[in-house]
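Protein chains in written order, with my numbering: chain D, 48 to 148; chain V, 48 to 148.
Note that CB positions come from ideal geometry on N, CA and C, so glycine has one too.
If you're wondering where the values come from, they're calculated on a predicted model, not measured in any experiment.
Below is one structure; the comments refer to it alone.
Protein chains: 2
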Amino acid sequence: MKETTLCPRLAKAMEMIGKRWTALILYQLLDGPQRFNAIESALPISGRLLSERLKELEKEGIVLRTVYSEVPVRVEYSLTDKGLALSGAIREIEDWSKEWL
Amino acid sequence: MKETTLCPRLAKAMEMIGKRWTALILYQLLDGPQRFNAIESALPISGRLLSERLKELEKEGIVLRTVYSEVPVRVEYSLTDKGLALSGAIREIEDWSKEWL
């Protein structure tokens with residue numbers, strides 16, 4: 048039988064990235080830093096929900112929110128190292144979905 | 048901007064494997080065919096919920112339920128080719144969770 052000590056972390060990971068829209072947001076951010084509006088127009092998701100998800104991902108240290116002191120203020124979202132480290136998993140799921148769904 | 052035609056399939060994939068416990072069940076089945084009780088005792092999940100998830104996975108063609116006509120009847124669950132094709136993704140998420148969580 049498998050070591051159950053691995054389960055809590057895998058469960059936690061799935062709880063984070065398995066949340067509705069989260070993987071798609073990360074997938075979109077693999078393209079590089081983007082403004083809120085760019086992410087919003089790329090995904091079939093409401094601004095309110097996107098904002099909520101981005102805050103969660105920021106809190107988890109997966110997404111970085113950078114504010115540029117310009118006029119008007121520019122805000123960009125990007126993947127942290129922790130977020131970029133998920134790219135392999137996201138690509139694998141993407142490949143699987145292309146082959147099997 | 049990314050092709051939005053990819054989104055529906057990635058969204059569908061995440062909807063399937065992002066469901067609570069599903070990835071852990073698949074992870075457990077990577078060890079090979081197993082009886083219901085073996086899966087149940089390996090995971091912190093109720094029998095009722097496990098049964099529900101296995102039925103969903105069977106319906107999606109990811110898990111195969113095999114009944115052996117023995118006395119008493121033996122029932123085993125295993126991954127189909129479609130299910131096995133998810134092993135790369137699950138391993139990637141496992142690796143990520145070990146490094147970052």
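Contact set for Ile140 (chain V): own chain, Cβ-Cβ below 8 angstroms, skip 5 residues either direction:
Taking the first residue of the second sequence as 1, we reach residue 140 (chain V) at position 93. Shown here for Ile140 (chain V): same chain residues with a beta carbon closer than 8 angstroms to its own, the five before and five after excluded, namely Ala70 in chain order.
What whole-angstrom Cβ distance do Leu76 (chain V) and Tyr124 (chain V) have, given they're in contact under 8 angstroms?
Reading the second sequence from its first residue, position 29 is the one you call residue 76 (chain V). Reading the second sequence from its first residue, position 77 is the one you call residue 124 (chain V). Contact holds; Cβ gap of about 6 angstroms.
Residue-chain proximity (Arg112 (chain V), chain D), Cβ-Cβ < 8 angstroms
Locating residue 112 (chain V) in the second sequence gives position 65, where the first residue counts as 1. Not closer than 8 angstroms to any Cβ of chain D, the Cβ of Arg112 (chain V) fails to qualify, so no.
Give the C-beta separation of Leu90 (chain V) and Ile109 (chain V) to the nearest angstrom, bearing in mind that I take them to be a contact with Cβ-Cβ under 8 angstroms.
Counting from 1 along the second sequence, the entry for residue 90 (chain V) is found at position 43. Counting from 1 along the second sequence, the entry for residue 109 (chain V) is found at position 62. With a contact defined as Cβ atoms closer than 8 angstroms, Leu90 (chain V) and Ile109 (chain V) miss out at about 16 angstroms.
Any C-beta of chain D under 8 angstroms from that of Ile72 (chain V)
Mapped onto the second sequence, residue 72 (chain V) falls at position 25. Closer than 8 angstroms: no.
Among the residues of its own chain, which have a CB less than 8 angstroms from the CB of Glu87 (chain D), if the five just before and after it don't count?
Walking along the first sequence from the start, residue 87 (chain D) turns up at place 40. Cβ neighbours of Glu87 (chain D) beyond the five flanking positions: Gly94 and Leu97.
For Glu105 (chain D), which residues does DSSP report across the bridge?
Position 58 of the first sequence, counted from the start, is the residue given in the question as residue 105 (chain D). For Glu105 (chain D), which the question treats as bridged, DSSP gives no partner whatsoever.
Chain V contact residues for Lys66 (chain D), given Cβ-Cβ distances below 8 angstroms
Along the first sequence, read from residue 1 onward, the residue named residue 66 (chain D) stands at position 19. Near Lys66 (chain D) (Cβ distances below 8 angstroms), the residues of chain V are Gly65.
According to DSSP, simplified to helix, strand and coil, what is Ser134 (chain D)?
Position 87 of the first sequence, counted from the start, is the residue given in the question as residue 134 (chain D). Secondary structure at Ser134 (chain D): helix, using DSSP grouped into helix, strand and coil.
Paired residues, beta bridge with Tyr124 (chain V) - DSSP:
Numbered from its first residue, the second sequence carries residue 124 (chain V) at position 77. Tyr124 (chain V) pairs with V:Gln81 and V:Arg112.
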